[in-house]
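Undergrad:
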Amino acid sequence: MSLNDVYRDRHYDAGNVYIAGSLSGRVIKIGTAKNMGGYPRYLQNKKYGSLRDWELLYYVWVDEGAGRIEHEARSRLQQYKTMRGYEKDGRWQKGR
Numbered sequence: 118m119s120l121n122d123v124y125r126d127r128h129y130d131a132g133n134v135y136i137a138g139s140l141s142g143r144v145i146k147i148g149t150a151k152n153m154g155g156y157p158r159y160l161q162n163k164k165y166g167s168l169r170d171w172e173l174l175y176y177v178w179v180d181e182g183a184g185r186i187e188h189e190a191r192s193r194l195q196q197y198k199t200m201r202g203y204e205k206d207g208r209w210q211k212g213r
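Quick note on numbering: the sequence shown equals residues 118 to 213 in the working numbering.
(1) For the segment 182-200 and the segment 139-147, state whether three or more C-beta atom pairs, one from each stretch, are separated by less than 8 Å.
(2) Do G182 and S139 have their C-beta atoms closer together than 8 Å?
(3) Can you tell which of K151, G155, G202 and D180 has the C-alpha that lies nearest to the C-alpha of E172?
(4) DSSP beta-bridge partners for Y197?
(5) Y175 and Y135 look like a contact to me (Cβ under 8 Å); what is the Cβ gap, rounded to whole Å?
(6) Which residues in the same chain have their Cβ closer than 6 Å to the Cβ of N133, if we skip the five residues on either side of it in sequence?
(7) If we count the other Cβ atoms within 10 Å of its Cβ and call it buried at 16 or more, is A131 buried or exposed?
(8) Distance, Cα to Cα, N121 vs G142?
Structure follows, in structure tokens:
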């Protein structure tokens, strides 16, 4: 499966659209996930954005278009975007 296939599937699939926040970093993260059980702990353990205090602020299940909704929300908040580097599974990543 190519990245285009993955992106397309995520764009149209059902899933949770969530907003998580880090008080210490003064940032929010918008994303999608199939299963929200334990997801804040996942972000904290992975130190997403080199931050450990992620809290799940809001999430909603949508029957279709989870990735599209995530993309649209990010587009509307583009002017506030910040880039943060962090290590994930031994590799340097960019979080935005």
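For every residue, glycine included, the Cβ atom is placed at its ideal position computed from N, Cα and C.
TA: Considering the structure as presented:
(1) yes
(2) On the sequence shown, residue 182 is found 65 positions in, with the first residue counted as 1. On the sequence shown, residue 139 is found 22 positions in, with the first residue counted as 1. Contact: no.
(3) Counting from 1 along the sequence shown, the entry for residue 172 is found at position 55. Taking only the C-alpha atoms, the option nearest E172 is G155.
(4) The count along the sequence shown starts at 1 and reaches residue 197 at position 80. DSSP lists no partner for Y197.
(5) One-based indexing of the sequence shown puts residue 175 at position 58. One-based indexing of the sequence shown puts residue 135 at position 18. Confirmed, about 7 Å.
(6) Locating residue 133 in the sequence shown gives position 16, where the first residue counts as 1. The residues are A150, M153, Y176 and W178.
(7) Counting from 1 along the sequence shown, the entry for residue 131 is found at position 14. Its Cβ having fewer than 16 others within 10 Å, A131 is exposed.
(8) Along the sequence shown, one-based indexing puts residue 121 at 4. Along the sequence shown, one-based indexing puts residue 142 at 25. Answer to the nearest angstrom: the Cα atoms are 32 Å apart.
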